[in-house]
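Protein chains in written order, with UniProt numbering: chain A, 1 to 546; chain L, 1 to 543.
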Amino acid sequence: MLLFSLKPHCKLTFLVLLLWVSLLVGSNSGVELDESLTYIWPLPSEFTSGNQTLTVDPALSLSVLGKGGYSEILKEGFERYKKIIFKHASGISLFQKLRGIRSVYDISELRIIVNSDSEELQLGVDESYALFVAKNDGKSIVGEATIEANTVYGALRGLETFSQLCAFNYETKSVQIYKAPWYIKDNPRFAFRGLLLDTSRHYLPIDVIKQIIESMSYAKLNVLHWHIIDEESFPLEVPSYPKLWNGAYTKWERYTVEDASEIVSFAKMRGIHVMAEVDVPGHAESWGAGYPDLWPSSSCREPLDISKNFTFELISGILSDIRKIFPFELFHLGGDEVHTDCWTSTPHIKQWLNDHNMTAKDAYQYFVLKAQEIAISKDWTPVNWEETFNSFPSKLNPRTVVHNWLGPGVCPKAVAKGFKCIFSNQGAWYLDHLDVPWNQVYSAEPLEGINNVSEQNLVLGGEVCMWGETADASNVQQTIWPRAAAAAERLWSKREALSVRNITSTILPRYHYFRCLLNRRGVQAAPATNFYARRPPTGPGSCYEQ
Amino acid sequence: MLHLCGKPHFRYSCLMFLVWVFQLVGLNSGFGLDSGLNQSLTYIWPLPCEHTSGNETLTVNPALSLSIIGHGGSFRILREGFRRYKRIIFKFSSGISVSRNSRRIRSLYDISALRIIVKSGSDELKLGVDESYTLFVDKTEGKSIVWETIIEASTIYGALRGLETFSQLCAFDYTTKSVQISRAPWYIKDKPRFAYRGLLLDTSRHHFPVDAIKSIIESMSYAKLILMHFLSRYLHIQNCGMVLTQNGSAIPSRMRVELSGIHVMAEVDVPGHAESWGAGYPDLWPNATCREPLDVTKNFTFDLISGILSEIREIFPFELFHLGGDEVNTDLWASFVLTDCWNKTRHVKQWLDKNKMKPKDAYRYFVLKAQEIAISKNWTPVNWEETFNAFAKNLNPRTVVHNWLGPGVCPKAVAKGFKCIFSNQNVWYLDHLDVSWDEVYYAEPLEGIGNASKQELVIGGEVCMWGETVDTSNVQQTIWPRAAAAAERLWSTEEALSADNNSVLQRLQYFRCLLNRRGVQAAPVTNYYARNPPSGSGSCYWQ
Chain A
1 MLLFSLKPHC KLTFLVLLLW VSLLVGSNSG VELDESLTYI WPLPSEFTSG NQTLTVDPAL
61 SLSVLGKGGY SEILKEGFER YKKIIFKHAS GISLFQKLRG IRSVYDISEL RIIVNSDSEE
121 LQLGVDESYA LFVAKNDGKS IVGEATIEAN TVYGALRGLE TFSQLCAFNY ETKSVQIYKA
181 PWYIKDNPRF AFRGLLLDTS RHYLPIDVIK QIIESMSYAK LNVLHWHIID EESFPLEVPS
241 YPKLWNGAYT KWERYTVEDA SEIVSFAKMR GIHVMAEVDV PGHAESWGAG YPDLWPSSSC
301 REPLDISKNF TFELISGILS DIRKIFPFEL FHLGGDEVHT DCWTSTPHIK QWLNDHNMTA
361 KDAYQYFVLK AQEIAISKDW TPVNWEETFN SFPSKLNPRT VVHNWLGPGV CPKAVAKGFK
421 CIFSNQGAWY LDHLDVPWNQ VYSAEPLEGI NNVSEQNLVL GGEVCMWGET ADASNVQQTI
481 WPRAAAAAER LWSKREALSV RNITSTILPR YHYFRCLLNR RGVQAAPATN FYARRPPTGP
541 GSCYEQ
Chain L
1 MLHLCGKPHF RYSCLMFLVW VFQLVGLNSG FGLDSGLNQS LTYIWPLPCE HTSGNETLTV
61 NPALSLSIIG HGGSFRILRE GFRRYKRIIF KFSSGISVSR NSRRIRSLYD ISALRIIVKS
121 GSDELKLGVD ESYTLFVDKT EGKSIVWETI IEASTIYGAL RGLETFSQLC AFDYTTKSVQ
181 ISRAPWYIKD KPRFAYRGLL LDTSRHHFPV DAIKSIIESM SYAKLILMHF LSRYLHIQNC
241 GMVLTQNGSA IPSRMRVELS GIHVMAEVDV PGHAESWGAG YPDLWPNATC REPLDVTKNF
301 TFDLISGILS EIREIFPFEL FHLGGDEVNT DLWASFVLTD CWNKTRHVKQ WLDKNKMKPK
361 DAYRYFVLKA QEIAISKNWT PVNWEETFNA FAKNLNPRTV VHNWLGPGVC PKAVAKGFKC
421 IFSNQNVWYL DHLDVSWDEV YYAEPLEGIG NASKQELVIG GEVCMWGETV DTSNVQQTIW
481 PRAAAAAERL WSTEEALSAD NNSVLQRLQY FRCLLNRRGV QAAPVTNYYA RNPPSGSGSC
541 YWQ
């Protein structure tokens, strides 16, 4: 129907059609996967495979062993993955009837051994696992699939890997595992593998946040950095200061305490931490919608008024309230992009600065350190954007985690001074930078410039940041994926496995494959190789090529 | 974190920031919670045929119960629908764990039961199925005031539409943390203006996983669209003769679709647009280098079409079947391009000469023969308008003409007694990204048709989501919210639609945010190009 329409994309369509036809001619029936590659994303640290093909029973049962085997988290995880693995088989009863398939499956049971019964989810929780899939070798009656892990969270990572081994075969209409037997031994390279979500620039409905958390688990990301509030809007309920969420865009674009708790427990079921951020003293204009006293003046609205006790009482009140929601030990205090003009131009604050013999810069330091103290008093480890480290490293609380963003080279400096560090160099890992191609995301290395092993250990990991200026519920997933997956492999897999010579022939096909896996699971991951991220496909074609 | 970055969108951000500050100033207290939502409007999309409302606010019990009264039949579909809507309505309340013991556990709700009365026991889903319903949220005054919520419908499908409307009356109130219905009592009497309210999904240019198709179908039901025109031109044909769409996965199961009360109309587009068929059966190509239209000379071609149709008849119970027939035009340029293969292939040329046919005669011959096959399978054939434009008087009189090339075709088709579907590409092709929401909204399927009996031949309209530049990553945001504009055009009465632009826009923005809340990636409404990202920070309700 479209050849007649002379719309701009028409020319492209023709071009792509030509390409497609030539592909058809060239490769007979379209895309063939390079069978020598391992289509597991992120790549496990050790694995061996064989050349058998095993069928998996749609009625796959779970048998558990070990102290942690009876965890609800594990049981729900298994049910979740079963739905993912056997998505297809359920929809084709007609064909099954026609064919009358009633065969015996190679794998009918998944055995999961969890050694510890602790479900505590803290930074550095043991996520290692071993996964073994083999055919009946004659000694035992059935083939077996076994996951062994120390914690239930390691078992969840193993389940994800197992689900990626399973693929629906359209010829036999059954789920199969190729290249068996598999022996996989896996653990993450970094403990902190994060994604920042900004719900202030655009409100994201609870369902959307849940979809994002679910998709993070597919790439084994494990920290949701929830940048809940910013200068644009204040969507979160704070019971002690109930007017704060008057700063929401509308009365529907808000999160109740219950919503936030639900997010945290939803994430925990998937082994994902939620690190909340309350960004002070800049980026806080929206706070004043309910409490105008927080503004230096009604015409000069941020940073928060440093001269009033009320400001710090309120911060303490917020932190007390949300401490109950966010059990994760890290808490982000922001501290970035503080422009102190409002302090120096507002008479009562200028007076206060004079009284305390402070420059604006001193006042910034004073504010940040005071906020750190409050966080620490609530038993939180403070995280700050790198500006605080850049401005007054020797004054920062030594427990501070420095969150890099402005550019490369910050983590080396921070760890040299004994601080922990999170890598988010905006040139590579800011997902709103749409012109960063996947291979730049992929090759950004958190440990670059850090050679000393004990200093390397201070790099907790890294985080891709999805700032919300141009991302809302309609396009946030396609802006996050697939590039977040490139960072996820960087953060999970062994450095040696990543530093291959020909990224296009070795990594790219796997990356394409994972993008299509996300699509199959209902995640709107965008085409992988467009020049700008989240752009539509340029024409007809296979997901595996675009 | 972003003000330092000098990326291209920064300028936009600045602009939007100004706009936003301006709004802030205008709204007095800044972060205005009511943000100018006009309370006099009715935020139900599409707008019901008749409705009256009051000014009371009621609370709805999260343990809302359902009772169904009706003539036996299968209410499984209805129960399942109720469960679906309950999940949608009470999305928020479920999270009460932290402050369960703090405030507000209200034991007294105004509405704790929903009664559904269904008159017919049949659950057959065919074109023109009765979708009318009435919905009351009303009080009976005895000793004490009792609120009643009743949906009355002739069929379960009408009841499903009523459930959708009910779900749109319910809104979560963040102050009391409960689901409320405001402006009660409600009295709504509703039915669709057109029986055929379709969305075309092109699964040939990009493959869509089953999950993606399911979520599109689910979202269609929110806008009361009733038909998915399911197109898969590149059929993969297996040796056993079984027919599968690309990768075999793309056919949604019959059950799933019935559950949402949505028809699925399949399309097998012949004789053009069929090159991919020959990947499995090269005999279908005129020759190895010239591959479409399908070889008109061979019995095998028609045997195979017949075989395909037999196979898929069971999957697609809907009475309409789309045979394509487009872009095999017979005007000079087009015939040169598109039936060129017939002229250039020796055995086809010989066959044409022997039968004294020109390519355009052969095109007609092919289309009519395909129509016969479809009719023999008890299907009513639908064809793109080219077949009507080229040989109207030869077309089987049962043919439904599917307009697309431009305006004015349905008037001609119904004048000749054919049924017609309106899809004028200038307004209802969703891949045309430069068509604004109001152009979609104000397109009128009955334009140019004055005679009431002729108007009845227009069975409705369809927005078309061609797949050149949509895949799983962006299909929903290309479909929505503009498909909703057409959905209201097709559902609501003409009088309701003639409201002023601004109030329609507010209601559409509200519906777009409703879609977002339900997890549908509906794009900002007022961007110049459809599916473009928001141009800066801001509320869903403004963008």
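By construction, the Cβ of each residue, glycine as well, lies at the ideal position given by its N, Cα and C atoms.
Just so it is clear, the structure is predicted and the values come from calculations on it, not from any experiment.
- For A/M275, there is no enclosing alpha helix (DSSP H); the enclosing beta strand (DSSP E) covers residues H273 to E277.
- Within the DSSP secondary-structure output, L/L135 pairs in a beta bridge with L/I151 and L/I188.
- Short of 6 Å from the beta carbon of A/K185, and not among the five residues preceding or following it, lie these beta carbons of its own chain, in chain order: E46 and A130.
- Closest option to L/R398, judged by alpha-carbon separation, among L/A374, L/F208 and L/Y222: L/A374.
- One finds P536 in chain A with Cβ atoms closer than 7 Å to the Cβ of L/V470, taken in chain order.
- Of all alpha-carbon atoms in A/W287, A/C516 and A/V238, the one lying nearest the alpha-carbon of A/D321 is that of A/V238.
- Taken in chain order, the unbroken stretches of alpha helix (DSSP H) that lie wholly in the segment 233 to 288 of chain A and span 4 residues or more are 257 to 268.
- Following the DSSP letters along the chain, one finds L/P62 inside the beta strand (DSSP E) bounded by residues E56 to G70.
- Within the segment 114 to 195 of chain A, complete beta strand (DSSP E) segments of at least 3 residues are found at 129 to 134, 144 to 149, 166 to 169, 174 to 180 and 182 to 186, given in chain order.
- DSSP lists A/V401 as the bridge partner or partners of A/K420.
- Cβ-Cβ distances below 6 Å link A/S215 to V523 in the same chain, with the five nearest sequence neighbours on each side left out; the list follows chain order.
- Straight-line spacing of the CA atoms in A/E171 and A/Y178 works out to 14 Å.
- With respect to chain A, the C-beta atom of L/A523 has a partner C-beta closer than 8 Å.
- Using beta-carbon distances, L/R518 counts as an interface residue toward chain A, with a partner under 8 Å.
- Collapsing the DSSP output to three states places L/K354 in a helix.
- A direct Cα-to-Cα measurement between A/K83 and A/G77 gives close to 10 Å.
- In the DSSP annotation of this structure, the continuous segment of the beta strand (DSSP E) that includes L/A113 starts and ends at I111 to V118.
- Cβ contact annotation for L/K298 (same chain, cutoff 7 Å, sequence separation greater than five): D283, in chain order.
- Excluding its 5 nearest sequence neighbours in each direction, A/I349 has C-beta neighbours in its own chain below 8 Å: P296, D305, I306, S307, C342 and W343, listed in chain order.
- Residue contact check for L/A212 against chain A: a CB pair falls below 8 Å.
- Around L/G325, no beta-carbon contact reaches into chain A at under 8 Å, the shortest distance being about 11 Å.
- What L/Q477 touches in chain A, judged by beta-carbon distance under 9 Å, is S474, N475, Q478 and Q524, going in chain order.
- By the 16-neighbour rule on beta-carbons within 10 angstroms, A/V104 is exposed.
- When the alpha-carbon of A/Y442 is set against those of A/N519, A/C516, A/R520 and A/G462, the nearest one is in A/G462.
- Beta-bridge partners assigned by DSSP to L/M228: L/L199 and L/V264.
- A/F326 and A/E277 have their C-alpha atoms spaced approximately 10 Å apart.
- Under the criterion of beta carbons closer than 8 Å, L/P481 and L/F511 qualify as touching, at roughly 7 Å.
- Rounded to the nearest angstrom, the Cβ distance from A/P181 to A/K135 is 7 Å, consistent with a contact under 8 Å.
- With a 10 Å radius around the Cβ and a threshold of 16 neighbouring Cβ atoms, L/G406 comes out exposed.
- Scanning the segment 441 to 496 of chain L from its first residue to its last, the whole beta strand (DSSP E) runs of 3-plus residues come out as 458 to 465.
- Of the residues assessed, A/N309 falls on the exposed side of the cut-off, its CB having fewer than 16 other CB atoms within 10 angstroms.
- In this structure, A/T340 sits near A/P303, with a CB-CB distance shorter than 8 Å.
- Cβ contact annotation for A/L406 (same chain, cutoff 7 Å, sequence separation greater than five): E386 and Q426, in chain order.
- Contact between the segment 261 to 268 of chain A and the segment 285 to 296 of chain A is absent: fewer than three C-beta pairs spanning the two stretches fall below 8 Å.
- Contact annotation: A/A371 and A/F331 have beta-carbon atoms that are not nearer than 8 Å.
- Nearest Cα to L/G467 within the set L/T493, L/H432 and L/E456: L/H432.
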